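Asker: Mind looking over this structure? Questions follow.
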Amino acid sequence: MIVMAPAKILVVDDDPAVRNLIQRFLMKQSYQVEAAEDGKTALALFEQFNPDLVILDVNLPDIIGFNLCQDMQSRNGVFVLMLTSRTDEADKIRGFSKGADDYLTKPFGLGELEVRVAAVLRRQRVVTTAGQKRLVFEKLMIDPVRREVTLNSQPILLTALEFDLLHFLASHPGRVWRRAELIQEVWDYEYVGDQRVVDVHIGQIRKKIEIDATQPALIQTVRGVGYKFECPAQSQQLKTV
1 MIVMAPAKIL
11 VVDDDPAVRN
21 LIQRFLMKQS
31 YQVEAAEDGK
41 TALALFEQFN
51 PDLVILDVNL
61 PDIIGFNLCQ
71 DMQSRNGVFV
81 LMLTSRTDEA
91 DKIRGFSKGA
101 DDYLTKPFGL
111 GELEVRVAAV
121 LRRQRVVTTA
131 GQKRLVFEKL
141 MIDPVRREVT
151 LNSQPILLTA
161 LEFDLLHFLA
171 SHPGRVWRRA
181 ELIQEVWDYE
191 YVGDQRVVDV
201 HIGQIRKKIE
211 IDATQPALIQ
221 TVRGVGYKFE
231 CPAQSQQLKT
241 V
């Protein structure tokens with residue numbers, strides 16, 4: 001039996017009431033939790049603590065949360081759940097474009113927080129097996145065990161959610177998926193909000209793997225429906241890891 005160590009969560013919020021409430025609640029759920037009130041402290045803790053998930057407020061006294069999210073993501077692809085007091089959907093879309101994996105609008109219930117945290121962390125706790133297949137499409141390789149993507153033998157840096165979305169689509173080549181279906185399958189819960197979050201992540205992936213992101217060949221848009229992964233003719237191979 002494999003015993004998983006408790007996930008490590010870093011809470012970053014300049015409001016002590018919110019910060020302490022989240023920290024106490026998550027510790028009761030058996031997570032390891034550290035907290036920071038500003039970006040400078042958060043980055044120092046981030047390096048020392050090496051969290052699995054960062055719960056990050058958009059508005060911090062010394063840095064914009066979006067920028068801190070992008071900085072942390074560029075270091076190790078950590079999961080980021082952003083908090084905001086704004087209900088503007090454009091604000092959320094901006095957060096997702098910076099690498100955020102999920103978004104919560106204040107005020108929120110602790111029950112909802114618990115569900116969102118568990119859903120995000122569940123992605124990294126899926127047990128992979130030695131027999132799980134790499135997906136190879138000409139010069140694109142997707143390795144689900146190492147969670148690595150290479151193009152022309154060069155590593156492609158994807159966020160955790162971008163990897164999950166690409167791997168899911170590539171695992172079902174030719175099948176068309178509606179945005180709501182992708183949210184259910186990849187986000188792993190009933191997302192309530194603007195489904196354009198899918199478009200944002202697809203756009204980010206295309207910039208990294210397509211020759212011309214404006215005329216994508218791999219991840220294609222099916223107008224009025226959603227998206228599909230179209231593998232190049234005769235190129236798909238499955239290889240054991």
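The end of the sequence shown is residue 241 by UniProt numbering, with every number in the run present.
Where is the CB? At the ideal position from N, CA and C, for every residue including glycine.
Values in this document were obtained by computation on a predicted structure and should not be read as measured data.
Just list the residues that DSSP pairs Val58 with in beta bridges.
Answerer: DSSP lists no partner for Val58.
Asker: Please say whether Glu34 and Leu68 have beta carbons closer to each other than 8 angstroms?
Answerer: no
Asker: The alpha helix (DSSP H) with Phe229 in it runs from where to where?
Answerer: That residue, Phe229, is in no alpha helix (DSSP H); its beta strand (DSSP E) goes 226-229.
Asker: Taking 8 angstroms as the threshold, find out whether the segment 54-65 comes into contact with the segment 141-152 through three or more Cβ pairs.
Answerer: no
Asker: Please go through the UniProt domain "Response regulatory" (8-121) and give each complete alpha helix (DSSP H) segment of 4 or more residues, from N-terminal end onward.
Answerer: 16-28, 39-49, 65-76, 89-97
Asker: Just to confirm my understanding: we take Leu161, look at its own chain, exclude 5 residues before and 5 after, and list those with CB closer than 6 angstroms. What are they?
Answerer: Asp101
Asker: Please confirm whether Leu165 and Ile205 have their CB atoms less than 8 angstroms apart.
Answerer: yes
Asker: Which residue wins for smallest C-alpha separation from Glu47, given the options Arg75, Asp57, Ile55, Gln70?
Answerer: Arg75
Asker: Closest by CA to Asp57, which one among Leu81, Leu45, Arg94, Glu112?
Answerer: Leu81
Asker: Can you tell me whether Val145 is helix, strand or coil according to DSSP?
Answerer: coil
Asker: Under 8 angstroms between the Cβ atoms of Leu83 and Lys98?
Answerer: no
Asker: Would you kindly work out how many angstroms separate the C-alpha atoms of Met27 and Arg122, rounded to a whole number?
Answerer: Cα to Cα, Met27 sits roughly 18 angstroms from Arg122.
Asker: Could you give the distance in angstroms between the alpha-carbon of Glu185 and the alpha-carbon of Asp13?
Answerer: Going by the C-alpha atoms only, they are around 30 angstroms apart.
Asker: For the ligand NAD, is there any heavy atom lying closer than 7 angstroms to the beta carbon of Arg175?
Answerer: The ligand NAD is not part of this structure, which contains no ligands at all.
Asker: Distance check for Asn20 and Lys228, CA to CA, integer angstroms please.
Answerer: 43 angstroms
Asker: What's the gap between the Cα of Ala36 and the Cα of Val115?
Answerer: 22 angstroms
Asker: Rounded to a whole number of angstroms, what is the C-alpha to C-alpha distance between Leu43 and Ile55?
Answerer: Each residue's alpha carbon lies about 13 angstroms from the other.
Asker: Among residues of its own chain, excluding the 5 on either side of Ser30, which ones have a beta-carbon nearer than 7 angstroms to its beta-carbon?
Answerer: Pro6
Asker: Going by other Cβ atoms of all chains shown within 10 Å of its Cβ, with 16 needed for buried, is Leu157 buried or exposed?
Answerer: Exposed.
Asker: Taking Phe96 and His201 to be in contact with their CB atoms under 8 angstroms, please state how far apart those CB atoms are, rounded to whole angstroms.
Answerer: Right, the Cβ-Cβ distance comes to about 6 angstroms (below 8 angstroms), so this counts as a contact.
Asker: Per DSSP, which residues does Arg178 bridge with? Please list them.
Answerer: Gly226
Asker: How close, in whole Å, do the beta carbons of Ala119 and Trp187 come, if the pair is a contact with beta carbons under 8 angstroms?
Answerer: 7 angstroms
Asker: Taking just the CA atoms, how far does Gln195 sit from Leu60?
Answerer: Rounded to whole angstroms, the gap between the alpha carbons of Leu60 and Gln195 is 27 angstroms.
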